[in-house]
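Numbering (our numbering), first residue to last: 7 to 91.
Glycine included, every Cβ here is placed at the ideal spot set by N, Cα and C.
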């Protein structure tokens with residue numbers, strides 16, 4: 007099973023929140039609030055992508071055979087689940 011990595015997006019969003027909400031615009035000509043908002047949005051998008059791409063995927067393989075056993079045809083169906091990591 008593939009582990010979902012959510013630490014990076016959460017840290018990025020936290021840094022963005024600190025810049026947006028807690029740090030006053032002490033540096034002129036550098037909009038820290040805008041940079042913080044961009045970091046929070048990027049962290050949110052990254053988190054959603056990690057959750058979507060990190061989920062477990064599986065497929066079902068179905069094998070069907072017709073067996074003629076003494077003149078009476080019968081069908082055998084086998085289903086097998088294959089997990090992709």
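For residue 14, the uninterrupted alpha helix (DSSP H) segment begins and ends at 13-23.
In the DSSP secondary-structure assignment, residue 35 is not bridged to any residue. At a Cβ-Cβ threshold of 8 angstroms, residue 68 and residue 85 count as neighbours. Taking the C-beta atoms as reference points, residue 60 is found no nearer than 8 angstroms to residue 22. For the pair residue 53 and residue 11, the Cα-to-Cα distance works out to about 8 angstroms. C-alpha of residue 45 to C-alpha of residue 27: approximately 12 angstroms in a straight line. Taken through DSSP and simplified to helix, strand or coil, residue 29 comes out as coil.
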